[in-house]
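Residue numbers (my numbering), protein chains in the order written: chain A, 87 to 414; chain B, 87 to 414; chain C, 87 to 414; chain D, 87 to 414. Data block below; observations after.
Shown next, in the form of structure tokens:
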């Protein structure tokens, strides 16, 4: 049984707490979050301790840490945990500044601890099945990938200001998905964007609607379409065209009930947002991390993957500003 | 080029007129309908004559007749046309009284003219594909058939009174469909029904909602569900379960546009009614009849098929009244 | 925290064990199953005791019992638990013999303990939503209900022999569903059946394919179609037609990935069987039972519901044998 | 009754001949095609004359011309017909060279004859419904448009060489669709492409797979994804995202039959190619042109629309070569 110290008792920390407790090889050992009012309650629910960062990292009973705290604390916590010799599961991103990411990863490299970066969508059963069916040759060679990623409604402008911008905050998941599905890194990126959803986002210097085109060494291409607001729930789909046909992962809907009447045939919307849609993905990524803890696997989603997704976001931003495709 | 005399210039007569004119081997030669105000216009549109019944049947230029007049004229027109040696396409039913059907068919037999009874749904591309896939072995042996047949809205009570009742008027198509798909005749029929849609239908002595169960010599079974009103267009579906799986013919919808929003995912209703839904079927049955005219085929849908579908309706009515399954 | 004694450590007992443990108000207190080799492992996993029937029922710490043992032990265990004053959750059926059911329920009545009978499908989110939308008036008055219930593959003939027959073993769920959706009890039942799937089932005196028609006091009707083998997974659907349209609960599929190619558009099969399909229903019925334990609710699914579903199965069997609809 | 002279007796000419003959206000008066072996047969089928270009344009009985001949003859025939005062329906494109298009349109302007350019997809009922629902406010303001357009299989390299390249030959339809749906002209275009389908296409100097991104004055954006080969029929879809949700026009499939079995749920592929898919669109555009002939309408799809779609193709090609978005 592996003991896990959880950094961050917020919404995403609570999701991980359930999965840590439910897994037969892990238990929630301690919760570290001096800023949250829910820390004590969360710890109590699972019979866990409350610790300080220093206590947790110095505690020899802690086998692994899960970092689900505020984004700007990730890099430092990774470095401290690496120095303490703990296995690390960190929510994306490592940091919003790529140089800081690189210096952090250098520390991880130096201390030789496993680091898993939580690009949870790689563990969505739908997207994973597309990847597996591609690998199994079901559509031949991949040629065109279309990623649709739309949030149900826009975040507050206050969040946008500290988010690093849409590409680093939201599209970064899609950049990673493109690499995951295609199995190669892009050679060029073009981005176009607009502020259409909420003027406050534009005033914060960001966009809320984007189209991105990438080209890969094989000649294959991918596009990402993003919006901060769909109007119909969380829209998370991919289409992968290959030599012999198409693999498409459709949305998961709220239910399977249809109403047919004068107004037509009405089905339910897609699941509302990531907590619902990616519930299975959060469980599956934790299962993978337990394999890493147990030495049965290497992190499938590494610090390097985090770095590259951020680099793609940076290059997309450069393209948006210059109107040119940018080489990687 | 075969010359066709069309009896009946009403709605269904007009559907056939288009198909007669569009087929490269037939032309509309004459229209016979003393009761319709549209007879002259229909004849003029296609450069056809207006004739009386006597003129048409005595005219050696007429190769075939299409009987689309009022139901109670079918049997007599069939007999007259048979005696005149014309090939006959008759809209269902031959007659609402089975003894009258039998005497009529005896005349047809005596004069050896081809008679096609227009169970148009056999020519619907969806249902025909199910039949073909069954024959090709795609689901093994047929076991359970479910026929859904619901009209968009109920007919006027005046119509109901002269219709012969729901089973002879509406379900008769589904009885024929059951025989067409299963390739065998039922050995028993059970029917249950209610007057739920329009009290005037009940006052006219009829039902408007029905469930029918049939058993076949192979042990396979079929059910028909009917309603005079769906609330969402014309509902025409079948499900055929076999040893290895299911074949299902779904509705044809008004269009392929979906709207996703707060209210869910809204798609179009099924096609409104038979003129829209069975447009391709009307064309295809005429193509078959031209093959009959040209001696390239025997009528796939014969007077006997008309007789048997009516017999099934009569037996269903007996079951409805007695609460017992009735043997055939 | 309520302590639960679980009778039966088999497949379905294990499903309940997880839900008992996951619910924040209940814990698995003891497991009683002298015949299973997995009893010790199950108890250990959740930190529960192993007890005998006598020990569990005499233990004042036990607040409720969950009976998931062999069918022929249900009635006796219910009686013993009732006499011990425990709240009871019992898997369906109470017993295969209706007189035995009635005598058992009389004991429950005498000792005034809450009894919940586990017709889990009432807690399936899809079916429940149909019921809720009907209640909310979305399609007006209910008129026709179609229940499709097909197992992926037939049980062994050995099981069939002790199952009480298809109607008491399998269709009983659909009988309960018909009452749950329609909100009224049928006045007549007709059943037709065949042995098509496996000759060994016929040799065991049972059928494996059935069509059932019921009529309700309102004039509404329902049909159930059953097969012991679908060929494509677990087929669990309902269609409810009303004055203003249709509510339909479709299958839940294994995933949301489609492959489009020369062979057409291929989507995943329905979930394999009840453990997958009704996972959410098992959780939800437990949540309801905890409300019963806590005095916040009366059992929505009572002994009387169990009795009536069995009565409907008995009447269907009578109809199958006599070829007549049977009055209730 | 308007007499129509048809230039070109090939595949697309034959499609138009049927629609000319079926429309109640037009008849096929003459066919002009000295190069086709099918000219005489086509003329005979509809009781039409064979004429030379000179004869047809000098014939005062000819009210309109339909130009469906080889692409490189369009501009000259338009000019001749304009000078002869005939109303003109011309298949796209006017010409592959934009300067030649402009000089041709100047002649049309000078002689004041109506010219309709056959961007048939504007008349597809699906796409038209999206346009109408947008206009009706069903999703608020348009924000993102995704056009998917994939041919079932690539053309021969010989065709590619004279086609003007993928953008002018295939994508031109999608450029026009973007303008039709959005109701505004793009301000910038970016294109990325590859030769993935057939090396012979690359050797002919062309691409066969493309992604295009456009931005509009309102800030809305559109993307087009093209491939010369889908592997699953003709893929013709659009998604239009707006403030309040999504309108999506899905493919039309070969039939509505599904097979459920061990391999999953198999539905039919999309209609094979444009003759099947756009059958209704060809009919509807002819109906519009008859309105133009009758003075009831102005051409909805003008020479200017043809010019602008070609300009977009030229700009896309420039972007493909330079790696920059190009301003319009």
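Where is the CB? At the ideal position from N, CA and C, for every residue including glycine. What you are looking at is a predicted structure, and each value in this text was computed from that prediction instead of being measured.
Between the alpha carbons of residue 101 (chain C) and residue 338 (chain C) lies a gap of roughly 19 Å. Residue 197 (chain D) places its beta carbon 8 Å or farther from that of residue 156 (chain D). Residue 394 (chain A) has its alpha-carbon roughly 15 Å from the corresponding atom of residue 404 (chain A).
Think of a sphere of 7 Å around the beta carbon of residue 211 (chain C): the chain A residues whose beta carbon falls inside it are 341, in chain order. Per the Cβ contact rule, the stretch 99 to 117 of chain A is in contact with the stretch 365 to 376 of chain A (3 or more Cβ pairs under 8 Å).
For residue 372 (chain A), no CB of chain B lies under 8 Å from its own CB, so it is not counted at the interface with that chain. In the DSSP assignment, residue 313 (chain A) falls within the beta strand (DSSP E) that extends over 307 to 313. Under the Cβ distance rule, residue 334 (chain A) counts among the residues neighbouring chain C, one pair being separated by less than 8 Å. Within chain A, no residue has its beta carbon less than 8 Å from that of residue 105 (chain C); the closest one is some 12 Å off. At least one beta carbon of chain D lies nearer than 8 Å to the beta carbon of residue 305 (chain A). Cβ proximity to chain D below 8 Å picks out 211, 212, 215, 216, 219, 224 and 225 from the stretch 207 to 241 of chain B. The beta-carbon of residue 347 (chain D) is placed less than 8 Å from the nearest beta-carbon of chain C.
A check of alpha carbon separations from residue 131 (chain B) across B:116, B:183 and B:345 identifies B:116 as the nearest.
Residue 133 (chain C) has a beta carbon lying at 8 Å or more from every beta carbon in chain A.
At a C-beta separation below 9 Å, residue 354 (chain A) has these neighbours in chain B: 350 and 351. Legend: CB atoms of the stretch 315 to 329 of chain B lying less than 9 Å from CB atoms of chain C belong to residues 315, 316, 317, 318, 321, 325, 327, 328 and 329.
DSSP, read as helix, strand or coil, puts residue 356 (chain D) in strand. Every beta strand (DSSP E) stretch that sits fully inside the stretch 194 to 275 of chain C and reaches 3 residues is listed by chain position as 201 to 204 and 228 to 236. The continuous alpha helix (DSSP H) containing residue 390 (chain C) extends over residues 389 to 408. DSSP lists B:335 as the bridge partner or partners of residue 343 (chain D). Ranked by Cα distance from residue 372 (chain A), the options A:306, A:109, A:127 and A:302 are led by A:109. In this chain, the alpha helix (DSSP H) harbouring residue 377 (chain D) covers 365 to 379. Ranked by Cα distance from residue 386 (chain A), the options A:396, A:345, A:251 and A:208 are led by A:208. Closer than 8 Å to the CB of residue 338 (chain B) there is at least one CB belonging to chain D. Under the Cβ criterion (8 Å, minimum of three pairs), the stretch 349 to 357 of chain A does not count as touching the stretch 186 to 194 of chain A. Residue pairing by DSSP places residue 280 (chain A) opposite A:295 in a beta bridge. For the pair residue 177 (chain B) and residue 384 (chain B), the Cα-to-Cα distance works out to about 17 Å.
In the three-state reduction of the DSSP assignment, residue 321 (chain D) falls in the strand class, which pools E and B. Membership of residue 288 (chain A) in the alpha helix (DSSP H) is indicated by the continuous run 285 to 289. Inclusion of residue 182 (chain C) and residue 291 (chain C) in the CB contact set at 8 Å is not warranted, their separation being larger than that value. Close CB contacts of residue 361 (chain B) within its chain, under the 8 Å cut and outside five residues either way in sequence, are with 97 and 101 (chain order). DSSP lists D:113 as the beta-bridge partner residues of residue 89 (chain D).
For residue 386 (chain D), there is no enclosing alpha helix (DSSP H), as DSSP marks it with neither H nor E. Within chain A, the residues whose beta carbon sits less than 7 Å from that of residue 344 (chain C) are 334 and 336, listed in sequence order. Counting only the Cα atoms, residue 119 (chain C) lies some 37 Å from residue 269 (chain C).
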